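Asks: Numbering-wise, this note's numbering comes out as the position in the sequence shown, counting from 1, plus 702. This structure is in structure tokens; I'll ask about it shortly.
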Amino acid sequence: MGIIKKQSSIGAVLIYLGIFIGYFNIAFLQPNFLLREEIGLIAILVAWSEIFGTIFSLGWPNVLVRLFPKIVAENKKSNLIIFTIIIILIGSILATLAIILFSSFLFINSNDSSQIDQYYILLIPLIIFNISFRLGDTFLRMEFKSLFGIITKELFQRILISFGILLIGFKVIHYQQFVWTYTFAMCFSGILTLVYLISKINFNNLIKTNFSFVRKHKSEIINIALYGILGSAGAIVASMIDRVMLSNMIGDKYTGIYYTLFYYGVFVSIPARPLKRISTAVLAESWKKNDIQNIKNIYSKSVLNLSIIGLYLFLGIWLNNSSIIEIVGKEYEEGVLIILFIGVGSLFDMITGLNTEIIATSKFYKYNSYFIGGLALLVILTNWWLIPIYKSVGAAMGTCISIITINIFRLLLINNKIKHIPFDYNLLKAFFIGGLVFFITSFISVIENPFYSILIKGSFITFIFWTLIIVLRVSDDINGFCKKQLQNITGLYKS
């Protein structure tokens, strides 16, 4: 866990810096400078680029996760970089053709309340550099260089988006120019990642390039890639189809409400991102060595620690929901339950730890595709049923049901394969503390100023929750971290 701890700690700091910038964009800048319909258009462009980008990555990220240690052991890293760039090129060409061929069906004849028919051509660069980032970032993560992707996507991208919103806010540019600026910001991380990959090619030995590793592992590559496409497509449909269906069924305004408040609910699961990014390489190595005990240890620790952090964030966000609505604007009040349902789904995802990464790096990775295929269908059906009744809240309900469903199946599968349930008595203590804090904090009256209200409630929740977690020794990792920081502060004071 040493490498995981080091890089995930740095990554967490950078991600939360990016989160702060993203929060500033969504909570302050976008609601003040953009209409809900305009926010909805941005959301739908991002959703389609993610869906197409995932499908036309052609399963190669999954191949890298599974076979990277083998191929590197055969001294084929430089050839692997070149082949990865070729896959990016092939995927980009296929995606562009798909956009052109299916534009009438998907975009031009969509809901009259949506503007996607005017801007769908921007999906071509968005998808190309989405593919570039996906493949390049996976390659770098397998080299334990996860920070590059975090810095470019979580940090630089959001700074560029802030810049674009401020430009339209101060009337330097109009909305169409803002959409172009936003498109460039979304492409930026992919551009940098592709340039970085190209810079790592050994051009002196380019003539000696061969892809013998492809022939050697041909059947395994095809198998992993096919299941990777199915699994990844299902996963991205499950996470993005809600926005697409909202836009097509009831228009961009409700998509804008959903997109804005979704951010607050999903904030609960943000701490898992750096851990999941770096853990894939460590888990892949453990499976290669058949070190099942290390996998069990990582799984159990991830469940406990992510559950504690998720509980804390869920309490902080939901207990301040009225203040959040005051900040983003009263016109978003009809969607307040989006925060609850997305928050519950995100918390459940935290509670089940690194289950996705454990399955993806194992020999039973195919099951992910089966589960997610069924999940994608479930998301579509629940959204089709709930959106007409509850509008944007219905989409959140469907997403929540989907997240819980897939994680239950993953939990059962892992237990079946390695005979391990990652829950223990300490997890029950964490939930008891969470329930107690929720009960006590609910008696604190709401202050008129939403910022003061969040500050006071947040400070109270932080003090009570973490004091109880530490005093009751719920997590050895968290207590050890606190002890180390205290020693560092004491040592600094003495010096």
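For each residue, glycine too, the CB sits at the ideal point set by N, CA and C. Since the model is a prediction, treat every value here as computed from it, not as a measurement.
Report the CB separation of Pro1090 from Met951 in whole angstroms; it is logged as a contact under 8 Å.
Replies: 7 Å between Cβ atoms; contact.
Asks: Here's a check: name, in chain order, each residue in its chain whose Cβ is nearer than 6 Å to the Cβ of Val1176, leaving out the five neighbours to either side.
Replies: Only Asn1128, Lys1131 and Ala1132 meet the Cβ criterion.
Asks: Looking at Ile1061: is its Cβ nearer than 9 Å to the Cβ of Ser1009?
Replies: No, Cβ-Cβ distance for Ile1061 and Ser1009 is not below 9 Å.
Asks: In this structure, how does DSSP classify Gln817 when only helix, strand and coil are distinguished?
Replies: Coil.
Asks: So is Leu799 buried or exposed if we call it buried at 16+ other beta carbons inside 10 Å?
Replies: Burial call: exposed.
Asks: Leaving aside the five residues before and after Phe1183 along the sequence, list all residues of the same chain whose C-beta is less than 7 Å from its C-beta, in chain order.
Replies: Closer than 7 Å at the Cβ level, and outside the excluded window around Phe1183, lies no residue.
Asks: Short check: CB of Thr885 to CB of Thr854, under 9 Å?
Replies: No, the pair does not count as a contact, with Cβ atoms beyond the cut-off.
Asks: If we ignore side chains and look at the alpha-carbon of each, how far apart do Leu1174 and Phe872 end up?
Replies: Their Cα atoms are separated by approximately 52 Å.
Asks: Look at Cys1102 and Ile1027 and say whether their C-beta atoms are less than 9 Å apart.
Replies: Not in contact: Cys1102 and Ile1027 (Cβ atoms no closer than 9 Å).
Asks: Using a Cβ-Cβ cutoff of less than 7 Å, which residues in the same chain neighbour Asn1109 once the five nearest sequence positions on both sides are dropped?
Replies: Here the set comprises Phe1050, Asp1051, Thr1054 and Asn1057.
Asks: Nearest-angstrom Cα distance between Gly866 and Thr883?
Replies: Straight-line Cα distance between these residues: approximately 6 Å.
Asks: What is the DSSP secondary structure of Pro771, counted as helix, strand or coil?
Replies: Pro771: helix per DSSP, three-state reduction.
Asks: If contact is defined by three or more beta carbon pairs under 8 Å, each pair taking one atom from either stretch, is the stretch 780-787 in contact with the stretch 844-859?
Replies: Flag = no, the stretch 844-859 and the stretch 780-787 do not touch.
Asks: Quick check: the stretch 933-947 against the stretch 1019-1039, are at least 3 beta-carbon pairs closer than 8 Å?
Replies: No, the stretch 1019-1039 does not touch the stretch 933-947.
Asks: So is Leu899 buried or exposed if we call it buried at 16+ other beta carbons inside 10 Å?
Replies: Leu899 should be labelled buried.
Asks: Sorted by chain position, which residues of the same chain lie with C-beta nearer than 6 Å to Gly1160's C-beta, five sequence neighbours on each side aside?
Replies: Once the five neighbours on either side are set aside, the close Cβ partners of Gly1160 are Gly1018.
Asks: Quick one, which of Lys990, Glu987, Val1005 and Gly958 has its alpha-carbon nearest Ala974's?
Replies: Answer by Cα proximity: Val1005.
Asks: Whole angstroms is fine: what's the gap from Lys1186's alpha carbon to Ile1180's?
Replies: Looking at the two C-alpha atoms, the distance is approximately 10 Å.
Asks: Would you call Gln1189 buried or exposed, if buried means 16 or more other Cβ atoms sit within 10 Å of its Cβ?
Replies: Label assigned to Gln1189: exposed.
Asks: Taking one C-beta from the stretch 989-997 and one from the stretch 1033-1041 each time, how about it: are there three or more such pairs within less than 8 Å?
Replies: These segments do not touch.
Asks: Between the stretch 724-735 and the stretch 927-944, can you find at least three pairs of beta-carbon atoms closer than 8 Å?
Replies: Taking 8 Å as the limit for Cβ pairs, the verdict is that the stretch 724-735 does not touch the stretch 927-944.
Asks: Under 9 Å between the Cβ atoms of Ile1166 and Ile1142?
Replies: Contact flag set, yes.
Asks: Please state whether the Cβ-Cβ distance between Ile1000 and Ser981 is less than 9 Å.
Replies: In contact: Ile1000 and Ser981 (Cβ atoms closer than 9 Å).
Asks: At the level of alpha carbons, what is the spacing between Met703 and Arg738?
Replies: Residue placement at Met703 is poorly supported in this model, since its pLDDT is 48, which falls under 50; the coordinates still yield a value, given next. If I take the Cα positions, the gap works out to 44 Å.
Asks: From Ile717, Asn1085, Leu1170 and Phe1140, pick the residue whose C-alpha is nearest to that of Val939; which is it?
Replies: Among Ile717, Asn1085, Leu1170 and Phe1140, the Cα nearest to that of Val939 belongs to Asn1085.
Asks: Could you name the residues of the same chain whose beta carbon sits closer than 8 Å to that of Ser1048, not counting the 5 residues immediately before and after it, in chain order?
Replies: Excluding residues within five positions, the ones whose Cβ falls inside 8 Å are Gly967, Val968, Phe969, Val970, Ser971, Gly1012, Phe1016 and Ile1105.
Asks: Can you give me the C-alpha to C-alpha distance between Leu828 and Ile818, rounded to a whole angstrom?
Replies: Roughly 14 Å between the two C-alpha positions.
Asks: Please report the straight-line C-alpha distance between Ser834 and Ala937, rounded to a whole angstrom.
Replies: About 19 Å.
Asks: Just list the alpha helix (DSSP H) runs in the stretch 887-957, keeping only unbroken ones of 4 residues or longer that don't cross its boundaries, in chain order.
Replies: Runs of the alpha helix (DSSP H) inside the stretch 887-957: 914-918 and 920-952.
Asks: Pick out whichever of Ser988, Ile1123, Tyr821 and Ile1074 has its Cα sitting closest to the Cα of Ser941.
Replies: Of the listed residues, the one whose Cα sits closest to Ser941 is Ile1074.
Asks: Rounded to whole angstroms, what's the CA-CA distance from Leu825 to Arg836? Just pull it up for me.
Replies: Answer to the nearest angstrom: the Cα atoms are 16 Å apart.
Asks: Taking all protein chains shown into account, do 16 or more other C-beta atoms lie within 10 angstroms of the C-beta of Thr1107, making it buried, or fewer, making it exposed?
Replies: Buried.
Asks: Out of Ser988, Leu977 and Glu987, which has the shortest C-alpha to C-alpha gap to Lys1003?
Replies: Among Ser988, Leu977 and Glu987, the Cα nearest to that of Lys1003 belongs to Leu977.
Asks: Starting from the N-terminal side, write out each stretch of the alpha helix (DSSP H) that is 4 residues or longer and does not extend beyond the stretch 1053-1100.
Replies: Correct list: 1057-1062 and 1068-1092.
Asks: Quick check on Glu739: does DSSP put it in helix, strand or coil?
Replies: DSSP places Glu739 in helix when its eight states are reduced to three.
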